[in-house]
Amino acid sequence: MGLLFVAPMLLLFLAFRFLPVIGALLLSLTDYRISGKWDFIALDNYKRLFSDGMFGDALVVTLTYTVIFVPLTVLLSLGTAVLLHRVVWSRGFFRGVFFLPYVTSIVLAAVIWKWIYDIQDGLLNSVLGLVHIGPIDFLSQSSTVLPSIAVTSAWKGFGYSMLILLAGLQAVPKSYLEAAMIDGAGTWQRFRYVTLPQLRPVLFFVLVIETIGAFQVFDAMYVMTGGGPVHASYSIVYFLYDSGFKYFDFGYASAIGLVLFLIVLIVSLVQRRLVGRDD
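Oh and the sequence shown: position 41 is 41 in full-length UniProt numbering, straight run, nothing missing.
And the structure:
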């Protein structure tokens, strides 16, 4: 009976998740052309990929972006969740306000933040000008473009992780905190030694989903910078997009996608080892 209830979702998963992965694996072993003709070339796409300097550059960009984006988003989500957990008045209103960017289109968010970063008429440079700083061309300098995009993506997506962490905070037994308070633990000690250990399963989940999202970044880079300047914001998924939909090299694009999947899987397993090992 249990299998009967889960059968519809299982069939959808097989049809729209599992089978496309198998199809991508088979496609990556071929030289598939837009005309529909293909030749079996075994592992040639993978050999070509690992000797492609563009892939190495895209991997470095993606890893750098991930290192910036994930801690920023997790800290922003955790800090906001802690503040909301302490708020009693209009808590639902503030939840909605902070969650609103998450349901906003990433394209719309990218366009808005592109204007904020604009060197001539942007809001940020106007504010910096009041204290005689700048103007700074945030999206046209290699040193600032990835942090700028990471801030945009963090603003856009932190609301979801915030709600997950807020639910985790509300699930921490109050008796643990009261016992620590009776023993003389201060606010930071209660948070460090009681709340955080109880949040570890939730933090692990948030860390994994934000890392996966970081490795899949494309939309913000496509809208805000087009991969520039000089490929400084050219991610792996952007590389995959160009290979598949600009040059119609579908087999090569499938190989890129599968390698990206393996990279994300390895990173997730490392995170599982470091953060969620006892859960």
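Even for Gly, the Cβ is constructed at its ideal location relative to N, Cα and C.
Would residue i pass as an interface residue toward chain B - the criterion being a Cβ-Cβ separation below 8 angstroms?
i, result
"G36", "In summary, chain B is missing from the structure at hand, where a single protein chain is found."
Could you check if residue i belongs to the surroundings of the ligand SAM, using beta carbon to heavy atom distance under 7 angstroms?
i, result
"G23", "The ligand SAM is not part of this structure, which contains no ligands at all."
Who pairs with residue i in a beta bridge, going by DSSP?
i, result
"F40", "T30"
Note the first and the last residue of the continuous alpha helix (DSSP H) segment covering residue i.
i, result
"I266", "F250 to L274"
"F191", "Counting along the chain, F191 falls outside any alpha helix (DSSP H), and DSSP gives it neither H nor E."
"L14", "Counting along the chain, L14 falls outside any alpha helix (DSSP H), and DSSP gives it neither H nor E."
"G122", "G122 -> no alpha helix (DSSP H), and no H or E assigned at all."
"residue 351", "Nothing in the structure corresponds to residue 351, since the chain is present only between 1 and 279."
"I136", "Taken as a continuous stretch (DSSP letters only), I136 belongs to no alpha helix (DSSP H), as it is neither H nor E."
"Y160", "S142 to A171"
"Y241", "I236 to Y241"
"K174", "K174 to I182"
"A214", "L196 to F215"
Which residue wins for smallest C-alpha separation from residue i, given the options the options?
i, options, result
"F98", "P71, K156, L43 and S140", "K156"
"D52", "A253, W115, V267 and A171", "A253"
"M221", "L3, V61 and L19", "V61"
"G227", "D57, F93 and W89", "D57"
"V145", "V223, L274 and L43", "V223"
"Q141", "T225, R273, S153 and V259", "T225"
"V275", "V206, Y247 and S243", "V206"
"T152", "V217, R190 and V237", "V217"
"I209", "P101, S148 and V267", "V267"
"S105", "D118, L14, D219 and L3", "D219"
"L49", "Q271, D249, I149 and P197", "D249"
"K174", "F191, F158, W115 and S28", "F191"
"T211", "W115, G129, D39 and R272", "R272"
"L72", "V270, L196 and M162", "M162"
"F158", "K246, V74, I263 and L12", "V74"
"P197", "F215, M181 and Y176", "Y176"
"L258", "L43, A154, A15 and V103", "L43"
"I263", "Y46, L59 and P20", "L59"
"L100", "P8, R86 and A154", "A154"
"N45", "V194, Q120 and T30", "T30"
"S243", "A150, V70, I116 and S28", "S28"
Count Cβ pairs between the region 60–78 and the region 222–238 that sit closer than 8 angstroms; are there 3 or more? With contact defined as three or more Cβ pairs closer than 8 angstroms, the region 60–78 and the region 222–238 are in contact.
Every unbroken alpha helix (DSSP H) inside the region 76–106 [4 residues or more]: Correct list: 91–99.
Below 8 angstroms, how does it come out for the region 123–136 and the region 177–185: are there three or more Cβ pairs, yes or no? They do not touch, by the three-pair rule.
With contact counted as at least three CB pairs below 8 angstroms, one residue from each stretch, are the region 191–208 and the region 32–42 in contact? No, the region 191–208 is not in contact with the region 32–42.
Any 3 or more C-beta pairs closer than 8 angstroms across the region 81–96 and the region 164–178: The region 81–96 vs the region 164–178: in contact.
Assess, as a yes-or-no matter, whether the region 249–264 is touched by the region 20–30 under the definition of 3 or more beta carbon pairs within less than 8 angstroms. A contact exists between the region 20–30 and the region 249–264.
Any contact of the region 127–141 with the region 87–96, i.e. 3+ C-beta pairs under 8 angstroms? Between the region 127–141 and the region 87–96, the count of Cβ pairs shorter than 8 angstroms is below three; the stretches do not touch.
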